[in-house]
Structures are given as structure tokens and as C-alpha cells.
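K.L.:
Take the sequence shown: its letters are residues -20 to -1, 1 to 359, numbered as in mature numbering (1 follows the signal peptide of the UniProt record, and there is no 0).
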Amino acid sequence: MRTGLAFLLMAAACAAVASAGTVNIGPIRTKSITFAIIGGGLEQLKVAELMDGVCAERGCQFVVNTGENVYNSRDRKALRGLKWLNSLGNHDVLGLKSGVDAQIAYQSKNPKWILPARYYNADVASAATSVRFHVAHTSCFVKKYRKSGNSYNTDEILACSSEQAVAAQLSFLNQSMASSTAQWNIIIGHHPAVSGAGTSYFDPAEAPATADGWAPLAQLVKKYGPAAWLNGHDHTMSFQYAPEASTSLGSSIPLCFPNTGFYTSGAGSWPQAGDGGHGLETGPYSWQKWANADLLTGTAWSGFAVATVDAQKMVVDYFSVNSGRSVPLRVTTYKGKAPIVEFAPAGLLSVRLPNTVQMNTDPNGDGVGNEYVQFKRRA
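This is the structure we're talking about:
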């Protein structure tokens, strides 16, 4: 018997403000919750085939989609019956505001499509654990989208990024986290709060052209300590952890996030090496402490991640079309502990770089780990 609850997460940005909503997914009769994480938008067929096989093995039960929602695709047997828990990406806000309204209205036509509002929360409970997903509308916080001539300067963005609209969304997210009784809390937002790419939106030095929404949102993440921030936008596969404030690289990171891992899965169909490592060509999986500027060298790979949550821990496995069903990178988080990173990077070489220490794979399984690792593709 499978003990996992699975869902898929795709990469997204945000759209305009509408009334927030709450949905429940279930019932889930297994003990744990398993979900896939995917985003980005040209190797859809390869990724879909691999994801179909992995979800068949893991028993995926629903999909979490972090945005950029509409691409040409083919049906896959294991994915066919899954519900999709959607959020909006920056590409979803292009065109008329009615385009986002249509995505929300589509839920009434297709019960597998879950998007009750532009931002909302979703509760999932299994036989032994529970998760609340707090779905943010992050494009509304990106101030440069409002500039004249910007391709995202649409009526959708103008509506959702007003002072009143931003305040309303932040109020909802605060209430959503404050009222949560779930064992695990996970934020879904298209844009990366902590990133290996050029813009970490929680870093005011790296993202000076953002609206005021990012700073109070960072305060909420610090206050409530959700287990994960799941995002796309960067067309890479990476994991970041910011356990301490940083003033390196000319940045001033005012907060630390010891209880939150930042997971980027944005290479579902269009890997883009330049999105990682501040313009350096990035490898398939990066895992970095905030202060590190350089990530990986090598080839960006298309892929996705699958997470399994039970009462004690959350395990996120990264997959790529190059590695098949093997797991090159695994991130394990025990409640209240720092993440543990394990890797078996076939064809990759781990490299000690400045500001990094060798990882501890935690053979005792006690959930203690505070390691930083980077790796480099073999010549």
C-alpha cells in the first residue's frame, strides 16, 4: 500500500486582486502527503513522461502549480486523475484582466482545476498529518511591473499592486498562517524569496525595484516559520537556505529564516542556465547558503521535484530528464530542524567553495544538519 499523498507543483507568478478563498483537498486516507513540484515553460514531453512514471511509483494524489499555467501538453495516465492546485505566474497576467478571471472561472467547468481566487489557502489532511498551503500572488509585489512600457504593466497588475490591494493580500496571508492548525505550513509563490539567481525578493539590496509588500511578507515568514517556500520563475532546479542574516556581496539581509527552506522548481519545460549563479551557467541542482554568489557550472537540466510529508519530516527529491528515476538531490527537513541535504550526483563532482562546508548526510537520522554544498560538473 502506498503511504504517500502526492501533488505536483508548477512555477508561477501573480495576478490581480480578488476575494481570497479557502479550499479543502481530500479526503486523503494514507498516512503521508506526497506532491510533485514543477514549473517553467520546451521539454514538456520529456518531463511529462518522467513525471508520469515517478508519480505512478510514488502515488501522487494532486498537483500544486505555482503558475504560468497554460502550455501545450499531452495526457499522461498517472497524472490524468489528479487535481491541480494552481497559482498564477507573471506570464498569466499578460493580456487582459479577463484572462485571469477565466482561469478562476474554469474551476466551475473542471473540478480538477483548483483556483478559487487570486490568492487563497488550501488544507490537505492525511490519516497522520496535515498541510496548509498559503498561495500568494507575488507578481503584485513586483514594483517594476507597474512601470510604463513594461510588458507586465497590464490592468491586472495595476489592480493587484495598489496600496490597498497589497495590504489586503498581506492581511489574508497573515490571517491564514496565524489561524493554521496544520502540522505543516507551506507557502506557494511564483517569485523566489531567496534565490540562487540575480534576484532574491527578500533582499532589498538585490531587489530594490519591488513594492513594499516584500518586506512585510518577509516578516511574516520570519514570524510563523513555514517549513517551505515553493516557487518557480527562475528556470532552474535549486534549494536555498538562509539560517542567518548576511551582509556579504554588498547585500543587507535583515532577517534570517532558520525554519524555512526555499525550493525553486522552474525547469519543467525550459531550463535556463543564466537564471542561476548570478548569470553563471548553473548545474542541474544548486544548494546554497544565502551568502554564496557562485552556484554551479554545467548544464541546466529540465526536471521537477516530488515531496513527501508525514508527521515527522518533509522529504523533497529532485528529478531531471538526464538522471531519470534516480534521485540526484534529496532535502530532508524534520520539524524545527535545519534541512539535511544528500546527493548522489551521477556524473557530478562535489567541490568545496568559499563560504561552504561539506554536507553532513545525518546517518543517525536525528534531523540535525546545517550544511552548505555546491557541486560542479565533471569536465
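Glycine included, each C-beta is placed from N, C-alpha and C at the ideal position.
Can you tell me the Cβ-Cβ gap for residue 393 and Thr14, rounded? I've got them flagged as a contact below 8 angstroms.
P.N.:
The first residue shown for the chain is -20 and the last is 359, placing residue 393 beyond what the model contains.
K.L.:
Comparing C-alpha positions only, which one of Ala102, Phe152, Leu30, Ser119 sits nearest to Arg305?
P.N.:
Start at 1 with the first residue of the sequence shown, and residue 305 comes out as number 325. Arg305 has its Cα closest to that of Leu30, out of Ala102, Phe152, Leu30, Ser119.
K.L.:
Is it true that the CB of Ser12 sits closer than 8 angstroms to the CB of Thr312?
P.N.:
Your numbering for residue 312 matches position 332 in the sequence shown. Your numbering for residue 12 matches position 32 in the sequence shown. No, the Cβ-Cβ distance between Thr312 and Ser12 is not below 8 angstroms.
K.L.:
Can you name, in chain order, every residue of its own chain whose Cβ lies under 8 angstroms from the Cβ of Lys293, other than the five neighbours on each side?
P.N.:
Along the sequence shown, one-based indexing puts residue 293 at 313. Here the set comprises Thr312, Thr313, Tyr314, Lys315, Gly347.
K.L.:
If I measure Cβ to Cβ from Ala85 and keep anything under 7 angstroms in the same chain, skipping five residues before and after, which residues do I get?
P.N.:
Taking the first residue of the sequence shown as position 1, residue 85 is located at position 105. Cβ neighbours of Ala85 beyond the five flanking positions: none.
K.L.:
From this set, Val307, Asn90, Ser142, Phe299, which residue's C-alpha is nearest Lys26's C-alpha?
P.N.:
Taking the first residue of the sequence shown as position 1, residue 26 is located at position 46. Taking only the C-alpha atoms, the option nearest Lys26 is Phe299.
K.L.:
To the nearest angstrom, how far is the alpha carbon of residue 426 from that of Trp64?
P.N.:
Any answer about residue 426 is impossible in this case: the structure gives the chain only from -20 up to 359.
K.L.:
Express the C-alpha separation of Pro223 and Val321 in angstroms, rounding to a whole number.
P.N.:
Start at 1 with the first residue of the sequence shown, and residue 321 comes out as number 341. Start at 1 with the first residue of the sequence shown, and residue 223 comes out as number 243. Cα-Cα distance, rounded: 14 angstroms.
K.L.:
Would DSSP call Cys40 helix, strand or coil?
P.N.:
The residue given as residue 40 occupies position 60 in the sequence shown. Looking at Cys40 - three-state DSSP - the assignment turns out to be strand.
K.L.:
Under a three-way DSSP split, which group does Asn165 fall into?
P.N.:
Taking the sequence shown and counting its residues from 1, one reaches residue 165 at position 185. Strand at Asn165.
K.L.:
First and last residue of the beta strand (DSSP E) that includes residue 364?
P.N.:
Since the displayed the chain opens at -20 and closes at 359, residue 364 lies outside it and no answer follows.
K.L.:
According to the Cβ coordinates, are Ser119 and Asn70 closer than 8 angstroms?
P.N.:
Walking along the sequence shown from the start, residue 119 turns up at place 139. Walking along the sequence shown from the start, residue 70 turns up at place 90. A contact, by the Cβ cut-off of 8 angstroms.
K.L.:
Less than 8 angstroms separating the beta-carbons of Val115 and Ala105?
P.N.:
Counted from its first residue, the sequence shown places residue 115 at position 135. Counted from its first residue, the sequence shown places residue 105 at position 125. Going by C-beta atoms, Val115 is not nearer than 8 angstroms to Ala105.
K.L.:
Quick one: residues in its chain with C-beta nearer than 7 angstroms to the C-beta of Asp290, no 5 flanking neighbours on either side, listed in chain order?
P.N.:
Position 310 of the sequence shown holds residue 290. So the qualifying residues of the chain are Lys11, Ser12, Ala108, Thr109.
K.L.:
Mapping the DSSP letters down to three states, classify Glu143 as helix, strand or coil.
P.N.:
Position 163 of the sequence shown, counted from the first residue, corresponds to residue 143. Helix.
K.L.:
DSSP three-state call for Phe237: helix, strand or coil?
P.N.:
As a working mapping, residue 237 is identified with position 257 in the sequence shown. Looking at Phe237 - three-state DSSP - the assignment turns out to be coil, as it is neither helix nor strand.
K.L.:
Which one or two residues does DSSP pair with Glu322 in a beta bridge?
P.N.:
Residue numbering aside, residue 322 sits at position 342 when the sequence shown is read from its first letter. Answer by DSSP bridge pairing, in chain order: Arg310.
K.L.:
Within the continuous beta strand (DSSP E) that includes Lys11, where are the two ends?
P.N.:
Taking the sequence shown and counting its residues from 1, one reaches residue 11 at position 31. Segment: none, Lys11 is in no beta strand (DSSP E) and carries neither H nor E.
K.L.:
Can you check whether the CB of Val122 is closer than 8 angstroms to the CB of Arg98?
P.N.:
On the sequence shown, position 118 is the one that residue 98 refers to. On the sequence shown, position 142 is the one that residue 122 refers to. Against a cut-off of 8 angstroms, the Cβ pair of Val122 and Arg98 comes out as no contact.
K.L.:
Assign Val301 to one of two classes, buried (16 or more other C-beta atoms within 10 Å of its C-beta) or exposed (fewer than that).
P.N.:
Position 321 of the sequence shown, counting from 1, holds the residue named residue 301. Buried: at least 16 other Cβ atoms inside 10 Å.
K.L.:
Expressed to the nearest angstrom, what Euclidean distance is found between the alpha-carbon atoms of Val111 and Leu210?
P.N.:
Within the sequence shown, numbered from 1, the residue matching residue 111 stands at position 131. Within the sequence shown, numbered from 1, the residue matching residue 210 stands at position 230. Answer to the nearest angstrom: the Cα atoms are 14 angstroms apart.
K.L.:
Which residue or residues does DSSP assign as beta-bridge partners of Val3?
P.N.:
What you label residue 3 is simply residue 23 of the sequence shown in a count that begins at 1. DSSP, once it has assigned bridges, lists Ala102 as partnering Val3.
K.L.:
Quick one: grab the DSSP three-state call for Leu30.
P.N.:
The count along the sequence shown starts at 1 and reaches residue 30 at position 50. Reduced to three states, the DSSP call for Leu30 is helix.
K.L.:
For Ser78, does the count of other Cβ atoms within 10 angstroms reach 16, so buried, or fall short, so exposed?
P.N.:
As a working note, residue 78 is residue 98 in the sequence shown. The residue is exposed, with fewer than 16 neighbouring Cβ atoms inside 10 Å.
K.L.:
Report all residues from its chain with a CB closer than 7 angstroms to the CB of Gly205; omit the five preceding and five following residues, and keep chain order.
P.N.:
Mapped onto the sequence shown, residue 205 falls at position 225. Only Asn239, Thr240 meet the Cβ criterion.
K.L.:
Could you give the distance in angstroms between the alpha-carbon of Ile168 and the alpha-carbon of Ser67?
P.N.:
On the sequence shown, residue 168 is found 188 positions in, with the first residue counted as 1. On the sequence shown, residue 67 is found 87 positions in, with the first residue counted as 1. Cα to Cα, Ile168 sits roughly 8 angstroms from Ser67.
K.L.:
For the beta strand (DSSP E) containing Val201, name the first residue and the last one.
P.N.:
Against the sequence shown, residue 201 aligns to sequence position 221. Counting along the chain, Val201 falls outside any beta strand (DSSP E), though it belongs to the alpha helix (DSSP H) covering 194 to 204.
K.L.:
Could you say which of Asn45, Asp72, Val73, Gln41 lies nearest to Leu62 if we only look at CA atoms?
P.N.:
The residue you call residue 62 lines up with position 82 of the sequence shown. When only C-alpha atoms are compared, the closest one is Gln41.
K.L.:
Helix, strand or coil for Ala116? Go by DSSP, reduced to three states.
P.N.:
Within the sequence shown, numbered from 1, the residue matching residue 116 stands at position 136. In the structure shown, Ala116 sits in coil (DSSP, three-state: anything other than H, G, I, E or B).
K.L.:
Enumerate in chain order the residues of its own chain whose CB-to-CB distance from Phe242 is below 8 angstroms, with the five nearest sequence positions on each side excluded.
P.N.:
Within the sequence shown, numbered from 1, the residue matching residue 242 stands at position 262. For Phe242, where only same-chain residues beyond five positions count, the Cβ hits under 8 angstroms are Pro172, Ala173, Val174, Ser175, Ala208, Trp209, Asn211, Phe219, Gln220, Tyr221, Ala222.
K.L.:
Helix, strand or coil for Leu95, going by three-state DSSP, please let me know.
P.N.:
Stepping through the sequence shown from its first residue, residue 95 is reached at position 115. Here Leu95 sits in coil by DSSP.
K.L.:
So, with DSSP's three-state summary, where would you put Leu333?
P.N.:
Counting from one through the sequence shown, the residue named residue 333 turns up at place 353. The predicted model places Leu333 with a pLDDT of 29, which falls under 50 and marks its position as unreliable, so this point remains unresolved.
K.L.:
Check for me: the beta strand (DSSP E) holding Asn66 runs from which residue to which?
P.N.:
On the sequence shown, position 86 is the one that residue 66 refers to. Taken as a continuous stretch (DSSP letters only), the beta strand (DSSP E) holding Asn66 covers 63 to 66.
K.L.:
For Pro196 and Gly283, I'd like the C-alpha separation in whole angstroms.
P.N.:
The residue given as residue 196 occupies position 216 in the sequence shown. The residue given as residue 283 occupies position 303 in the sequence shown. Taking the straight line joining both Cα atoms gives about 32 angstroms.
K.L.:
Compute the distance between the beta-carbons of Gly193 and His215, then report whether it is under 8 angstroms.
P.N.:
Taking the sequence shown and counting its residues from 1, one reaches residue 193 at position 213. Taking the sequence shown and counting its residues from 1, one reaches residue 215 at position 235. Cβ atoms of Gly193 and His215: not closer than 8 angstroms.
K.L.:
Using a Cβ-Cβ cut-off of 8 angstroms (strictly less than) and excluding sequence neighbours within five positions of Ser131, which residues of its own chain qualify?
P.N.:
Residue numbering aside, residue 131 sits at position 151 when the sequence shown is read from its first letter. The answer, listed in chain order, is Leu74.
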